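K.L.:
In the order they appear, the protein sequences are chains A and B.
Just remember that my numbering sits 23 ahead of the position in the first sequence, which is counted from 1.
Just remember that my numbering sits 111 ahead of the position in the second sequence, which is counted from 1.
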Amino acid sequence: MKKRISLYILLIGLCTLVSCQKLRDKISPQGILMAGTAVEDRVKMSNQFYRSSLDGRIWLVAAGDYSFIVGADSHLTTDPGRMDEMLAIGLQNDDLFYAHLGDLADTKAEYYYTLDSLVKKAKERYVEKYFTQVNEYEWESNSIRDAMEDGSDSVYNLTYDEITYPFFPVVGNHDITHNGWALWSNIFHSSFYEIDVIVLQEDETLAFDHLIFLDTASGTLGQTQIELINQGVLDGKYLYDQGYRYTFVFSHTNIFRPQFFEFASTFTREETYFLLDQFEKWNVTGVFCGHVHTWDERNFNGVHYLTLDTMCEKNNPEPGDYLVRVNVGKDNLGWEPVRMNYTPKKK
Amino acid sequence: MKKNLTFLLTSLMLLTAIPASAQVYSGYRKFDGVHKNEINGSLFYGFNVVTGTFFGENAIYTRHLSPRWSLSAGQQVQFLKQVYSVDITGTYRIPITKKANVYIDGRVMFSRYQRWKVNEPVANLSAYLETNYVDLRWGWSYIRYHKVDVNELYKDFTDASYGEPLVMTLQIGVNIRPRANRWNLGLFFRNFDQYYYENWNINWGVRFHCTLPYDIKLFSEFNIRPAGSLSQLATRYETSLKVGLKYAW
Numbered sequence: 024m025k026k027r028i029s030l031y032i033l034l035i036g037l038c039t040l041v042s043c044q045k046l047r048d049k050i051s052p053q054g055i056l057m058a059g060t061a062v063e064d065r066v067k068m069s070n071q072f073y074r075s076s077l078d079g080r081i082w083l084v085a086a087g088d089y090s091f092i093v094g095a096d097s098h099l100t101t102d103p104g105r106m107d108e109m110l111a112i113g114l115q116n117d118d119l120f121y122a123h124l125g126d127l128a129d130t131k132a133e134y135y136y137t138l139d140s141l142v143k144k145a146k147e148r149y150v151e152k153y154f155t156q157v158n159e160y161e162w163e164s165n166s167i168r169d170a171m172e173d174g175s176d177s178v179y180n181l182t183y184d185e186i187t188y189p190f191f192p193v194v195g196n197h198d199i200t201h202n203g204w205a206l207w208s209n210i211f212h213s214s215f216y217e218i219d220v221i222v223l224q225e226d227e228t229l230a231f232d233h234l235i236f237l238d239t240a241s242g243t244l245g246q247t248q249i250e251l252i253n254q255g256v257l258d259g260k261y262l263y264d265q266g267y268r269y270t271f272v273f274s275h276t277n278i279f280r281p282q283f284f285e286f287a288s289t290f291t292r293e294e295t296y297f298l299l300d301q302f303e304k305w306n307v308t309g310v311f312c313g314h315v316h317t318w319d320e321r322n323f324n325g326v327h328y329l330t331l332d333t334m335c336e337k338n339n340p341e342p343g344d345y346l347v348r349v350n351v352g353k354d355n356l357g358w359e360p361v362r363m364n365y366t367p368k369k370k
Numbered sequence: 112m113k114k115n116l117t118f119l120l121t122s123l124m125l126l127t128a129i130p131a132s133a134q135v136y137s138g139y140r141k142f143d144g145v146h147k148n149e150i151n152g153s154l155f156y157g158f159n160v161v162t163g164t165f166f167g168e169n170a171i172y173t174r175h176l177s178p179r180w181s182l183s184a185g186q187q188v189q190f191l192k193q194v195y196s197v198d199i200t201g202t203y204r205i206p207i208t209k210k211a212n213v214y215i216d217g218r219v220m221f222s223r224y225q226r227w228k229v230n231e232p233v234a235n236l237s238a239y240l241e242t243n244y245v246d247l248r249w250g251w252s253y254i255r256y257h258k259v260d261v262n263e264l265y266k267d268f269t270d271a272s273y274g275e276p277l278v279m280t281l282q283i284g285v286n287i288r289p290r291a292n293r294w295n296l297g298l299f300f301r302n303f304d305q306y307y308y309e310n311w312n313i314n315w316g317v318r319f320h321c322t323l324p325y326d327i328k329l330f331s332e333f334n335i336r337p338a339g340s341l342s343q344l345a346t347r348y349e350t351s352l353k354v355g356l357k358y359a360w
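(1) Spell out a yes or no on whether the stretch 266-284 of chain A and the stretch 304-315 of chain A are touching, meaning 3 or more CB-CB pairs, one atom from each, closer than 8 Å.
(2) Kindly indicate which residue of B/L352, B/T346, B/G355 and B/A359 has the alpha-carbon position closest to the one of B/V161.
(3) Mind pulling the chain A residues with CB within less than 9 Å of B/T350?
(4) What three-state label does DSSP hand A/K144 in the structure shown?
(5) Let me know if B/G355 comes out buried or exposed under the rule of 16 or more other beta-carbons within 10 Å of its beta-carbon.
(6) Since A/V66 contacts A/G245 with CB under 8 Å, what's their CB separation in whole angstroms?
(7) Give a yes or no on whether the C-beta atoms belonging to A/Y89 and A/L138 are separated by under 8 Å.
(8) For A/L356, does the three-state DSSP call read helix, strand or coil?
(9) Please report whether the beta-carbon of A/F302 lies at a distance below 8 Å from any beta-carbon of chain B.
(10) Nearest by alpha-carbon distance to B/Q163: which of B/W294, B/D246, B/S181 and B/Q189 is it?
(11) Chain A beta carbons: is any one of them nearer than 8 Å to that of B/W249?
(12) Does the contact criterion of 3 or more C-beta pairs under 8 Å hold for the stretch 126-138 of chain A versus the stretch 150-158 of chain A?
(13) Cβ atoms of A/V351 and A/Y216: under 8 Å apart, would you say?
(14) Taking the beta strand (DSSP E) that A/E294 falls in, what are its first and last residues?
(15) Roughly how far, in whole angstroms, is the beta-carbon of A/R105 from the beta-carbon of A/Y328, given that I think they are within contact range, below 8 Å?
(16) Check B/P232 in the structure and name its three-state DSSP category.
(17) Hey, how far is the Cα of B/F291 from the Cα of B/R248?
(18) Mind pulling the chain B residues with CB within less than 7 Å of A/A95?
(19) Are the Cβ atoms of A/V307 and A/I210 separated by less than 8 Å?
(20) Comparing alpha-carbon positions, which option in A/F297, A/V361, A/T101 and A/Y135 lies nearest A/I252?
(21) Can you tell me the Cα-Cα spacing of A/N180 and B/Y307, whole angstroms?
(22) Out of B/Q305, B/F300, B/S237 and B/L281, which has the shortest C-alpha to C-alpha gap to B/G152?
(23) Tell me, which residues are paired with B/P184 by DSSP?
(24) Put A/Y134 into one of helix, strand or coil per three-state DSSP.
(25) By the DSSP assignment, the alpha helix (DSSP H) with A/L127 in it spans what residues?
(26) Indicate whether at least one CB of chain B lies closer than 8 Å to the CB of A/E293.
(27) Considering only C-alpha positions, which residue in the set A/D96, A/E303, A/P192 and A/S214 is nearest to A/T333?
(28) Apart from the five residues just before and just after A/R362, which ones in its own chain have a Cβ nearer than 6 Å to its Cβ?
(29) Taking C-beta to C-beta, are B/Y156 and B/L352 nearer than 8 Å?
(30) For chain A, is any of its Cβ atoms less than 8 Å away from the one on B/D270?
(31) Run through the DSSP bridge pairs and tell me what A/R74 is partnered with.
(32) Does A/S166 pass the burial test, meaning 16 or more other C-beta atoms within 10 Å, or should it be called exposed?
(33) List the residues of chain B whose Cβ lies closer than 9 Å to the Cβ of A/Q12, in chain order.
(34) Going by DSSP in three states, B/F118 sits in which element: helix, strand or coil?
(35) Under 7 Å Cβ to Cβ from A/K152, same chain only, skipping five residues before and after it: list those, please.
(36) Keeping to the same chain, check which residues put their C-beta closer than 6 Å to that of B/A234; ignore five residues upstream and five downstream.
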């Protein structure tokens, strides 16, 4: 009888735990042993989209030295303040692009609606600053127009949709915990992609930098992504004989555990060693990770690893250095912390 | 054909019905105060998303130095995956009741991940409680890894070394029969396997053992090793089947 009562108490406790709305938004208990959203499907879809729709490549053009900012784990819910601040900082400082290390929002349709609206408004501000509307449907880049000797040329005009807003995220586990891939992919389309930065140097030579965005939201790359990497899909070098000057990798899941009481997933043993080896093959300069909400910086085998703290206003309500700005020059490369001042409204 | 099959099955049943003399295996542990030596050999086959199909062998020898102390040494080779491991384990047994023991295991282990040129030394200290139906392990591991390429020893690998912060070792196992039964079937959940300790990835699976003639013990494990357990998106990563024999003398 006692055993039966204990069993009933246990079952009621489990049902309460599972039915608790707040907890269910954050946690997917069944996902600890087996999840529904597969990295294989995400990577296949991302790769197909990227290779077919975008003709295999996004290009960014930098005139000389440039900078970019990186943020992580915004966990956007109803307050988009910090995300908005990140994009505003990037625009104000003329950063070439803004990378986000995943867990953008907490997998609810309304949060993604907020995120989508926010990114669309940020694109409007971006286009307003760097482009000029030449007719009803077309815009021209101010920097390209200035660089052209004979003034503007319609060849370089773009429709609004063709203008790439340089906000490049990777997908995080909280983005997709409750089958949020449908929401995430509707806005950002691809979770596994690469970008080339073409640098017009002062001595009129060209340099090429390489940005690699990995889908590590599931805590594993999965078979498809590993096969694609092994096939050289992200090597990019076939385009240029001279190879890349700097290569940066962006991943949600961290490689190194910053502290012993971190309960977040890291990669499995073989996958950790595979990645460390792959970074060496890619001649990677820097790897940016998120996920654990704790700052960490270290070198391993000639590669610099930064794990970023969360910029989420709920986890870090006080102003702080939650972003990183990387300054990329011909002979110098460095990073600096970037302060975020947004403080959430008290309820 | 039918006659032959009946004869074979009857013979097998008769053989397995022979009493187990002094050797009474107790779950996965074996110490009956009589036999001082144990040998355990197994073969395994599996699939890993990074390395693909792999197979290998594992052998462990245990010497019971006294009713309380024992020492084990083992090795494992994983072909195709190219992982080679050795370990030494010292164990102290604390009897709790007639049917339950706590074992304190101190272990040092070394694995070479040849495919990625990584050496991985590990130290583990854990306590293992084995009762009639349930077994639990709790402890801590210290894992280091070094990138060492024997073909590039001229290269500077001084910054290619990392010591992970201590990581907890956890295991929960349940059996459907009492521990000393001649056969048993159970479930397990743990964040390690024979020659690796994971951070927070939870292995789970089914285990089985039975006693064969001549007191040889047959054991088997079907191990599901997902990745990303605590990302709450556990994803297929590795599955393997191990079958082995154990004998004490």
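Think of the CB as a built atom: it goes at the ideal place given N, C-alpha and C, for glycine as much as any other residue.
Bear in mind that the values here come from a model prediction, so they are computed numbers and not experimental data.
P.N.:
So, from the data block:
(1) yes
(2) Counting from one through the second sequence, the residue named residue 161 of chain B turns up at place 50. The option with the nearest alpha carbon to B/V161 is B/T346.
(3) Position 239 of the second sequence, counting from 1, holds the residue named residue 350 of chain B. What B/T350 touches in chain A: nothing, since even the nearest Cβ is about 12 Å away.
(4) For the purposes of this step, residue 144 of chain A is taken as residue 121 along the first sequence, with counting starting at 1. The answer is helix: DSSP assigns A/K144 an H, G or I state.
(5) By one-based count along the second sequence, residue 355 of chain B stands at place 244. The residue in question, B/G355, is buried, as its Cβ has 16 or more Cβ neighbours within 10 Å.
(6) The residue labelled residue 66 of chain A in the question sits at position 43 within the first sequence. The residue labelled residue 245 of chain A in the question sits at position 222 within the first sequence. Between A/G245 and A/V66 the Cβ distance is about 6 Å, and since that is below 8 Å, they are a contact.
(7) One-based indexing of the first sequence puts residue 89 of chain A at position 66. One-based indexing of the first sequence puts residue 138 of chain A at position 115. No, Cβ-Cβ distance for A/Y89 and A/L138 is not below 8 Å.
(8) As a first step, residue 356 of chain A is located in the first sequence; it is residue number 333 there, counting from the start. In the structure shown, A/L356 sits in a strand (DSSP, three-state: E or B).
(9) Looking up residue 302 of chain A in the first sequence gives position 279. Cβ-Cβ to chain B under 8 Å: no for A/F302.
(10) One-based indexing of the second sequence puts residue 163 of chain B at position 52. Reading off the sequence shown, one finds Gly at residue 163 of chain B, where the question assumed Gln. Nearest of B/W294, B/D246, B/S181 and B/Q189 to B/G163, Cα basis: B/Q189.
(11) Here the question's residue 249 of chain B lines up with position 138 in the second sequence. False, the Cβ-Cβ gap to chain A never drops below 8 Å.
(12) no
(13) Position 193 of the first sequence holds residue 216 of chain A. Position 328 of the first sequence holds residue 351 of chain A. Not closer than 8 Å, so no.
(14) Taking the first residue of the first sequence as 1, we reach residue 294 of chain A at position 271. Run containing A/E294: none in the beta strand (DSSP E); it sits in the alpha helix (DSSP H), R292 to K304.
(15) The residue labelled residue 105 of chain A in the question sits at position 82 within the first sequence. The residue labelled residue 328 of chain A in the question sits at position 305 within the first sequence. The Cβ separation is near 24 Å, so there is no contact.
(16) Here residue 232 of chain B corresponds to residue number 121 of the second sequence, with the count starting at 1. It is a strand residue.
(17) Locating residue 291 of chain B in the second sequence gives position 180, counting from the first residue. Locating residue 248 of chain B in the second sequence gives position 137, counting from the first residue. The sequence given here has Ala at residue 291 of chain B, not Phe. Cα to Cα, B/A291 sits roughly 19 Å from B/R248.
(18) Here the question's residue 95 of chain A lines up with position 72 in the first sequence. Chain B residues near A/A95: none, gap ~15 Å exceeds 7 Å.
(19) The residue labelled residue 307 of chain A in the question sits at position 284 within the first sequence. The residue labelled residue 210 of chain A in the question sits at position 187 within the first sequence. No, they are not a contact pair.
(20) Position 229 of the first sequence, counting from 1, holds the residue named residue 252 of chain A. The shortest C-alpha separation from A/I252 is found at A/F297.
(21) Position 157 of the first sequence, counting from 1, holds the residue named residue 180 of chain A. Position 196 of the second sequence, counting from 1, holds the residue named residue 307 of chain B. Answer to the nearest angstrom: the Cα atoms are 57 Å apart.
(22) Here residue 152 of chain B refers to the residue found at position 41 of the second sequence. When each option's Cα is compared against that of B/G152, the closest is B/Q305.
(23) Here the question's residue 184 of chain B lines up with position 73 in the second sequence. Rather than Pro, the amino acid found at residue 184 of chain B in this sequence is Ala. Paired residue(s): B/Y172 and B/I199.
(24) Position 111 of the first sequence, counted from the start, is the residue given in the question as residue 134 of chain A. In the structure shown, A/Y134 sits in a helix (DSSP, three-state: H, G or I).
(25) Counting from 1 along the first sequence, the entry for residue 127 of chain A is found at position 104. A/L127 -> no alpha helix (DSSP H), and no H or E assigned at all.
(26) As a first step, residue 293 of chain A must be located in the first sequence, where it is residue number 270. A/E293 counts as touching chain B.
(27) For the purposes of this step, residue 333 of chain A is taken as the residue at position 310 of the first sequence. Comparing Cα positions, the closest option is A/D96.
(28) The count along the first sequence starts at 1 and reaches residue 362 of chain A at position 339. Cβ neighbours of A/R362 beyond the five flanking positions: D344.
(29) As a working mapping, residue 156 of chain B is identified with position 45 in the second sequence. As a working mapping, residue 352 of chain B is identified with position 241 in the second sequence. Yes.
(30) Here residue 270 of chain B refers to the residue found at position 159 when the second sequence is read from its first residue. Yes, B/D270 counts as interfacial toward chain A.
(31) By one-based count along the first sequence, residue 74 of chain A stands at place 51. A/R74 pairs with nothing; no bridge assigned.
(32) Locating residue 166 of chain A in the first sequence gives position 143, where the first residue counts as 1. Per the 10 Å Cβ criterion, exposed.
(33) Past the boundaries of the shown model lies residue 12 of chain A; chain A is included only from 24 to 370, so the question cannot be answered.
(34) Within the second sequence, residue 118 of chain B is the residue found at index 7, counting from 1. Confidence is the limiting factor: at B/F118 the pLDDT is only 46, short of 50, which leaves the residue's position unreliable and the question unanswerable from this model.
(35) The residue given as residue 152 of chain A occupies position 129 in the first sequence. Within the same chain, A/K152 has close Cβ partners L114.
(36) Sequence index remark: in the second sequence, residue 234 of chain B carries index 123 (1-based). Counting only Cβ-Cβ distances below 6 Å, and skipping sequence neighbours, we find V219 and Y253.
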